[in-house]
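The structure appears below as structure tokens.
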Amino acid sequence: MSKYAKDSELRHLVDRSIELEKELINEDEFIAREDYFEAELDIAADVIEDSYAKLADKYKDEPDKLKNLDRNSMKDLYKKEFSTEKDFTNDMAKLEKAMNDYDNSNDVLQKIEERKQQISAAVDDNINHVNDHRIESGMKKYKPEKQTYKVRQIKKIEDHFKS
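Sequential numbering of the sequence shown, starting at 5, is according to the numbering used here.
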């Protein structure tokens, strides 16, 4: 019996690690909810943008009032301007729910990306371990292309306020 595994066996270990990474990510119940939270984020962003557009239309002659608007000042301004409207209570509740959903979805999506990175890092560690054995055996490092996972850029609610 030889002291070291064959080149083909070590390559197979690396290839299998990459396959396993894909399987883990595809079958992870938490990661599987990514599409749901992406949709929630988009719906919330649409509601926020519509509310902002309504304010922008009201203040088209005074655009300075909308500069540097944050989420709380937007809600306050929205209350001030539209509190007399018939559907104000529903619209305000919808806006507040959208802001909460937006924050929640953003947080969950960030955690999903972190989970993907953790899985990928564990696979990378395994591949590095196999490659250490390859180098010890006088073989070249073997690292085929594999998918990388980047940390998502978190958008703030204020990013949806267009001036």
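All residues carry an ideal CB built from backbone N, CA and C; glycine is no exception. Keep in mind the model is a prediction, meaning the values are calculated, not measured.
Secondary structure of R156 (DSSP, three-state): coil.
Straight through space, the alpha carbons of M143 and D11 are spaced by roughly 7 angstroms. Measuring C-alpha to C-alpha distances from K147 to each of V134, Q157, E118, V112 identifies V134 as the nearest. Nearest neighbour of A102 by Cα position, chosen from D111, L45, L28, turns out to be L45.
Buried is the label assigned to I29, since at least 16 other Cβ atoms lie within 10 Å of its Cβ.
In the structure shown, L70 adopts helical secondary structure according to DSSP, grouped into three states. Fewer than three pairs of CB atoms, one per stretch, sit closer than 8 angstroms, so the stretch 125 to 139 makes no contact with the stretch 30 to 39. Close CB contacts of V51 within its chain, under the 7 angstroms cut and outside five residues either way in sequence, are with K98, L99, A102 (chain order). By the CB criterion at 8 angstroms, I35 and R119 fall inside the cutoff. Between K71 and Y63, the C-beta gap is not smaller than 8 angstroms, which leaves the two residues out of contact. In its chain, beyond the 5 residues on either side, V134 have a beta carbon closer than 7 angstroms to the beta carbon of L17. Setting aside the 5 residues that flank it on each side, F92 is surrounded in the same chain by F86, each with a C-beta closer than 6 angstroms to its C-beta; the list follows chain order. Considered as a whole, the stretch 15 to 71 harbours 38 to 62 as its complete alpha helix (DSSP H) runs of no fewer than 4 residues, in chain order. Its chain contains Y82, L99 as the residues whose beta carbon lies nearer than 7 angstroms to that of S55, once the 5 sequence neighbours on both sides are disregarded; these appear in chain order. Per DSSP, reduced to three states, the secondary structure at T93 is helical. If you check the CB distance, E162 and L113 do not come in under 8 angstroms. By the neighbour-count definition (other C-beta atoms within 10 Å, threshold 16), A125 is an exposed residue.
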